[in-house]
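The block underneath contains the structure these notes are about, expressed in structure tokens.
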Amino acid sequence: MVKVMFQDANGNAPFAAAFCSIRESRGVMQETLANLKAQGVAIVAADSQRIVTATGAKYWLA
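For the sequence shown, this note's numbering gives the first residue as 1, with consecutive numbering after it.
The structure is reproduced here in structure tokens:
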């Protein structure tokens, strides 16, 4: 199992936003990225392992 971690822009302690299999992790990150873009969130960096928004919020696999 892989954890999808999230940390908000204020730097609060990160927490596990989702749990998924390694096989599903890429799809989960792609879906998260698509949802953020649909909400109009500016993305600074994104790949299959991490997403960083312009506000400083972060998602990553652990």
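Beta carbons: idealized from backbone N, C-alpha and C, even for Gly.
Item checked: Identified DSSP bridge partners for V4 -> A18, L61
Check: If you count every other CB in all the chains shown that lies within 10 Å of the CB of S21, and 16 or more means buried, which is it?
Finding: exposed
Notebook entry, point to check: Of the residues A46, I43, R26, T32, which one's Cα is nearest the Cα of A17?
Noted result: T32
Check: Can you list, in chain order, the residues of its chain whose CB lies under 7 angstroms from that of W60, leaving out five sequence neighbours each side?
Finding: M5, Q49, R50
Check: Considering only C-alpha positions, which residue in the set R23, A57, K3 is nearest to L36?
Finding: A57
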